[in-house]
Amino acid sequence: MDKKIPEPVLSNDHQEVTKDLHRHFNFTLGRFDTDDIRGYMLTAMALTVRDRLMERWRITKAHEQGDKIRKVYYLSLEFLLGRSLGNAILNLNMQDSVRQALADFGCTLEDIEMEEKDAGLGNGGLGRLAACFMDSCASLGLPVIGYGIRYEYGMFQQSFQQGRQIEQPDHWLIAGNPWEIERNNHTRRVKFYGRSEPFTNDKGKLCMRWVDTQDVLAVPYDMPIPGYKNNKVNTLRLWKAAATEEFNLQEFNEGDYADAVAQKNLAEEITMVLYPNDSSENGKELRLRQQYFLASASLQDVIEDWIKDNGDNFEAFAQYNCFQLNDTHPTLAVAELMRLLMDEHELDWDKAWGITTETMAYTNHTLLPEALEKWSVELLGELLPRILEIVYEINARFLALVAHRWPGDVDRQRRMSIIEEGTIPQVRMAYLGIVGSFSVNGVAALHSKLLTTGLFKDFYELWPEKFNNKTNGVTPRRWLAHCNRGLGDIVTEAIGPGWKTDLAEIEKIRPFADDPEFRARWLEVKRKNKEALRARVIRKCNVEFDLDSIFDVQVKRIHEYKRQLLNILHVIHLYDRITRGDVAGIVPRSVLLGGKAAPGYALAKLIIKLANNVSQVVNSDVLVAKYLRLAFLPNYRVKSMEVICPGTDLSEQISTAGKEASGTGNMKFMMNGALTIGTYDGANIEILEAVGEENFFLFGLRVEDIADYRMQNQPNAIIEQDEDLQRVLRLIECGHFSMFEPGIFDPIIQSIRNPMDPWMVAADFRSYIDTQHIAAEAFTDKDRWARSSIINTAASGYFSSDRTIMDYANEIWKLKSCKL
Ligand code: 26Q
6 MDKKIPEPVL
16 SNDHQEVTKD
26 LHRHFNFTLG
36 RFDTDDIRGY
46 MLTAMALTVR
56 DRLMERWRIT
66 KAHEQGDKIR
76 KVYYLSLEFL
86 LGRSLGNAIL
96 NLNMQDSVRQ
106 ALADFGCTLE
116 DIEMEEKDAG
126 LGNGGLGRLA
136 ACFMDSCASL
146 GLPVIGYGIR
156 YEYGMFQQSF
166 QQGRQIEQPD
176 HWLIAGNPWE
186 IERNNHTRRV
196 KFYGRSEPFT
206 NDKGKLCMRW
216 VDTQDVLAVP
226 YDMPIPGYKN
236 NKVNTLRLWK
246 AAATEEFNLQ
256 EFNEGDYADA
266 VAQKNLAEEI
276 TMVLYPNDSS
286 ENGKELRLRQ
296 QYFLASASLQ
306 DVIEDWIKDN
316 GDNFEAFAQY
326 NCFQLNDTHP
336 TLAVAELMRL
346 LMDEHELDWD
356 KAWGITTETM
366 AYTNHTLLPE
376 ALEKWSVELL
386 GELLPRILEI
396 VYEINARFLA
406 LVAHRWPGDV
416 DRQRRMSIIE
426 EGTIPQVRMA
436 YLGIVGSFSV
446 NGVAALHSKL
456 LTTGLFKDFY
466 ELWPEKFNNK
476 TNGVTPRRWL
486 AHCNRGLGDI
496 VTEAIGPGWK
506 TDLAEIEKIR
516 PFADDPEFRA
526 RWLEVKRKNK
536 EALRARVIRK
546 CNVEFDLDSI
556 FDVQVKRIHE
566 YKRQLLNILH
576 VIHLYDRITR
586 GDVAGIVPRS
596 VLLGGKAAPG
606 YALAKLIIKL
616 ANNVSQVVNS
626 DVLVAKYLRL
636 AFLPNYRVKS
646 MEVICPGTDL
656 SEQISTAGKE
666 ASGTGNMKFM
676 MNGALTIGTY
686 DGANIEILEA
696 VGEENFFLFG
706 LRVEDIADYR
716 MQNQPNAIIE
726 QDEDLQRVLR
736 LIECGHFSMF
746 EPGIFDPIIQ
756 SIRNPMDPWM
766 VAADFRSYID
776 TQHIAAEAFT
786 DKDRWARSSI
796 INTAASGYFS
806 SDRTIMDYAN
816 EIWKLKSCKL
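Just so we're on the same page, our numbering is the position in the sequence shown counted from 1, plus 5.
Following this line, the structure appears as structure tokens:
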């Protein structure tokens, strides 16, 4: 039967847009007074754009209904979407009409865009990657549905008091969210606590059931994810927790009104706040509840949908459904799918296990051992007794397999067990992910290699075919077309607009690197972007960058392995040279830092304090000002990066080799024509290969070196032999940057001097300083720099998340696009 698929009817014409704005002011928002209009312009415009999204959403769903098509579900505790308006306007091709319509009201698009709050539902790289993936899936016409949590409070807002980080809650929904649609009718029920008991079912079969539970409702809120100019709108479904009806009734009737309301809070606290750690904070029960809540609600949702068309027949389930697990955070899905299939739909173990291991795929994002998730058996047993039982059974069968493959190798069994034995037995979530999935991938070539040779070596020996690499990418729509219109326009003028959907085409601008006129225009755009960044830094930090100086930027979460400290040591070194009058060859430089520290990570917070104190000293010295400025941008988030990466000359990617799984900021910078100073780590390596050594400033120890080096790492000997490093440390030690708080930076000094320093700050100092010098010198040759900058953009094709997603679709998901 031919499906009746509606067509979009709303026009993008500027008069129509204006008419719709008026309609929403009057009828949706009830604003009749023209004075009111300005304050509601953002909402009215969002609603006007949303109408157009709705039509396409309906069309996309109509296409997916009826015929069976294979779908993928991206399960993630984080989706760091940032702002939606500008992105939707770009993807719907409404830029010109929106600008004209706004002009009628005396507004600019930039004005109203600035007012939109970031959807900060993520910590950093992993969350933003999920958002870029959603954009790419929609743009490629792939039927991928995102499942996540609708946190009431997103990533905290950061400010400084005497240079120290202060966290404030981010109540992002306070003024309403025009992009979400609540779908009450798809509410699911998630079980907690209680106990598991055996019983004989009506067919005489011995089964298990989970009883005396305290249930929580999961209410879905759908966000539209528009594809780029393809009339596709995919769905991101975010769950909010709510108390059940009976629960309320029961408690209320018992007369304890206040206690009943408190209980309601207990249910609803599950989706109250995002955990602000970008490496795991182990053991928090609320976090475990969040993880299970997401896994259970999402799987029930998919299964309900399946049952509508197929009844209780799961034969073909794995053929049509695939779950991608974004790190271990949603990995309880492995056990939960087993539970649903066995306990709720009466499949036997082998059938259920076959389906589970054919539908689950797991992505790893970290090699740091301390960041590998573990949950105590005790906590799991109390909160999710039935799930723990299933995990034990999975493990027993798995260990039997290991014993069969390596008879008598008990040490290997102990190493590979999903349950880590010890005084506090724990469930190793990564192992559950590997055992329960058909695919395990890392996020950059080096990282994936280190997984198979190190962290997951035993598993690789057992199942080499499961392991693969999918190098990360970022969406060129947000991270070039939208955030850097100037550069986007000259690229389009030179090679046409094809790069926006096929970034491989951007390679075609490489020859223009030899065109002096093109180079001049390139630099002109860069200068405009630097002006915009400079203005922001003045506004937010009260620091004036010199436009002609090299804009040297490091923005990312604050973590020792990312080595913001090394960057600060370089700034202090330059400061020391300048104040000593040793200015020969010093190129004016403006250093920008930004990023949040996890609230409980004391040393990361101290690094922020050091950066702020150093910036105070450096910026207030008029003699230094000619050569050097340092600013720490407060509250770094997605929307800040949209201004930062277009205006950056030099991108700092200086993690200790082997520690940064991939990095994605590095890709945003290169795409926007920044050159990278970086270590041989994560995706830096692939960037270096794409641009060539002469267009990348490589420094530092490599992973292979570090293992040997660590044995005989003697920071104090290094310091003794390096006068520059000595002077830098002495300045910190003697309190030059902490006049009124002597000794506060001692923990930082100790970390550098510690022979066990895992981050090798002292060991890489010399190579970093020398390479910074080379970069500065290169910057003085404008022609050469412009050429390198163009080559960086030209080589960024591989780092489009469209390429990444096509690799997932072809090699893991076996998913075809459904083109309209
Ligand atoms: C875990 C347990 C409890 C609370 C929080 C967490 C938690 C939350 C977020 C643990 C880790 C994260 C985020 C990790 C992350 O962002 N990793 C980064 O992922 C990027 C995308 O693949 C990579 O580019 C980065 O290299 C990697 O650090």
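The beta carbon of each residue, even a glycine, is placed where N, CA and C say it ideally should be.
With residue i as the anchor, note down where its alpha helix (DSSP H) starts and where it stops.
i, result
"Trp-790", "787 to 799"
"Asp-710", "708 to 716"
"Tyr-397", "390 to 410"
"Gly-130", "130 to 144"
"Gln-349", "It is worth fixing the name first, because residue 349 is Glu in this sequence and not Gln. From DSSP, Glu-349 is part of no alpha helix (DSSP H); its letter is neither H nor E."
"Asn-572", "569 to 584"
"Phe-319", "Looking at the DSSP string, Phe-319 is not in any alpha helix (DSSP H), and its letter there is neither H nor E."
Sorry if obvious, but does the Cβ on residue i come closer than 7 Å to a heavy atom of the ligand 26Q?
i, result
"Thr-785", "no"
"Ala-401", "no"
"Gly-91", "no"
"Arg-642", "no"
"Leu-131", "yes"
"Val-448", "yes"
"Tyr-813", "no"
"Thr-661", "no"
"Thr-476", "no"
"Thr-669", "yes"
"Asn-534", "no"
"Leu-134", "yes"
"Asp-56", "no"
"Glu-378", "yes"
"Glu-172", "no"
"Tyr-226", "no"
Along the chain, where does the beta strand (DSSP E) that runs through residue i open and close?
i, result
"Val-238", "238 to 248"
"Ala-435", "Unbroken run through Ala-435 is the alpha helix (DSSP H), 434 to 441; no beta strand (DSSP E)."
"Leu-222", "221 to 231"
"Cys-212", "211 to 216"
"Trp-380", "379 to 381"
"Ile-171", "169 to 173"
"Arg-194", "193 to 195"
"Glu-202", "200 to 205"
"Ser-595", "594 to 599"
"Phe-472", "472 to 474"
For the putative contact between residue i and residue j, defined by C-beta atoms under 8 Å, what is the C-beta separation to the nearest angstrom?
i, j, result
"Gly-199", "Val-216", "6 Å"
"Leu-58", "Val-238", "6 Å"
"Ala-223", "Thr-249", "Ala-223 to Thr-249, Cβ: 11 Å. No contact."
"Glu-121", "Leu-90", "5 Å"
"Ser-822", "Gly-146", "4 Å"
"Ser-660", "Tyr-566", "6 Å"
"Leu-304", "Ala-338", "6 Å"
"Phe-702", "Ala-768", "Going by Cβ atoms, the distance from Phe-702 to Ala-768 rounds to 18 Å, so no, they are not a contact pair."
"Phe-637", "Leu-579", "That pair is no contact at about 16 Å."
"Ala-323", "Thr-364", "5 Å"
"Leu-615", "Ile-573", "6 Å"
Would you list the residues sitting across from residue i in a DSSP beta bridge?
i, result
"Thr-368", "Asn-331, Asn-446"
"Ser-805", "Val-479"
"Ile-658", "According to the sequence provided, residue 658 is Gln. The question's Ile does not apply to it. Answer is Gly-683."
"Ala-124", "Gly-87"
"Gly-151", "Tyr-79, Leu-241"
"Tyr-158", "Val-278"
"Arg-36", "Arg-36 is not bridged to any residue."
"Val-560", "Gly-599"
"Phe-637", "Leu-598"
"Leu-703", "Gly-683"
* Asked: Hey, is the segment 49 to 57 in contact with the segment 23 to 32, meaning 3+ C-beta pairs nearer than 8 Å?
  -> yes
* Asked: How do the segment 169 to 188 and the segment 332 to 348 stand: do at least 3 beta-carbon pairs fall below 8 Å, yes or no?
  -> Because the criterion of three Cβ pairs below 8 Å is not met, the segment 169 to 188 and the segment 332 to 348 do not touch.
* Stretch-stretch touch, CB-based, cutoff 8 Å, three pairs: the segment 692 to 706 with the segment 792 to 809 -> yes
* Asked: Do the segment 455 to 469 and the segment 352 to 365 meet, that is, are 3 or more Cβ pairs less than 8 Å apart?
  -> no
* Determine contact between the segment 427 to 434 and the segment 632 to 651, defined as no fewer than three beta-carbon pairs at a distance below 8 Å. => no
* Asked: Is it true that the segment 775 to 794 meets the segment 476 to 493, where meeting means three or more beta-carbon pairs spaced less than 8 Å apart?
  -> no
* Asked: With contact counted as at least three CB pairs below 8 Å, one residue from each stretch, are the segment 13 to 24 and the segment 34 to 48 in contact?
  -> No, the segment 13 to 24 does not touch the segment 34 to 48.
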